[in-house]
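Please read the structure below before turning to the comments.
Numbering (the UniProt record's numbering), first residue to last: 1 to 85.
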């Protein structure tokens, strides 16, 4: 699956977190420089494909799955894997 730039940025930001950590949409906006609508769209697609998942605590927080961490390590996405929140 090829990622859009927004998906790659979001997945890159999430992949840098330690497993118990998660980010809100607002935190992802700050980390990636993307508007909320782009973040929501990217998270929807990433969650539907099993690359990211929402947490049960509120406010909604998002984290990368093991499959998502593997996907963002592909050479074509190397620049996005370094996106720090």
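Virtual Cβ for every residue (Gly too), placed ideally from N, Cα, C.
Distance, residue j Cα to residue i Cα
i: residue 65; j: residue 8; result: 14 angstroms
i: residue 77; j: residue 61; result: 23 angstroms
i: residue 63; j: residue 2; result: 19 angstroms
i: residue 48; j: residue 17; result: 20 angstroms
i: residue 37; j: residue 12; result: 18 angstroms
For residue i, the nearest candidate out of the options (CA to CA)
i: residue 33; options: 76, 74, 5, 62; result: 5
Terminal residues of the beta strand (DSSP E) in which residue i lies
i: residue 52; result: 52-54
Residue range of the alpha helix (DSSP H) that includes residue i
i: residue 67; result: 66-72
i: residue 43; result: 36-48
i: residue 13; result: 5-15
For residue i, three-class secondary structure by DSSP
i: residue 30; result: helix
Residue-level contact to chain D via CB, residue i, 8 angstroms cutoff
i: residue 5; result: Note that chain D does not occur in the displayed structure, where there is just one protein chain.
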